[in-house]
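Residue numbers (the UniProt record's numbering): 1 to 154. Even for Gly, the Cβ is constructed at its ideal location relative to N, Cα and C. Quick caveat, the model's predicted, so the values are computed rather than measured.
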């Protein structure tokens, strides 16, 4: 009998940006409550919500322009979802301490065919994507305290 439990691996609805309008506001707004981060392959747009302490939501986008095949888009989304899910407890704890909420948009910013490893097979591609997604989420975790104090210090 397997001791596998699916609950810890879920990406619950409460962690996702569901409404298109919410996602549009996040992507198109530029003010003191928003900031961006980029890595080699991915980008983050984030918006702070001082009125909603502890709220953390992620939106994930992979356009057809950057990943033509649906299986490739699904692979990239799965990789980003895993990176977000693993950092969510750390981010939520930090947001709870600071008394703010955060919406995060994760997006593939370069065409998949430009990523090294695409010609070496799917395992090399997965490794490149995982490494970059993990480093981007760690950069978000490092930069977030600075971003939160900038808004509060005004």
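Practice task
Please list, in chain order, all residues of the same chain as residue 25 whose beta carbon is under 8 angstroms from its beta carbon, the five residues on each side excluded.
Solution key: 47
Problem - Environment of residue 39 [buried if 16+ CB atoms lie within 10 Å] - result: buried
Exercise for the section: Determine the DSSP secondary structure at residue 76, reduced to helix, strand or coil. Expected result: helix
Practice task
Let me know the beta strand (DSSP E) ranges lying completely inside the region 36-64, each 3 residues or longer, listed in chain order.
Solution key: 42-49, 56-61
Handout entry: Pair within 8 angstroms by beta-carbon distance, residue 66 and residue 108
Key = yes
Practice task
Express the C-alpha separation of residue 146 and residue 131 in angstroms, rounding to a whole number.
Solution key: 24 angstroms
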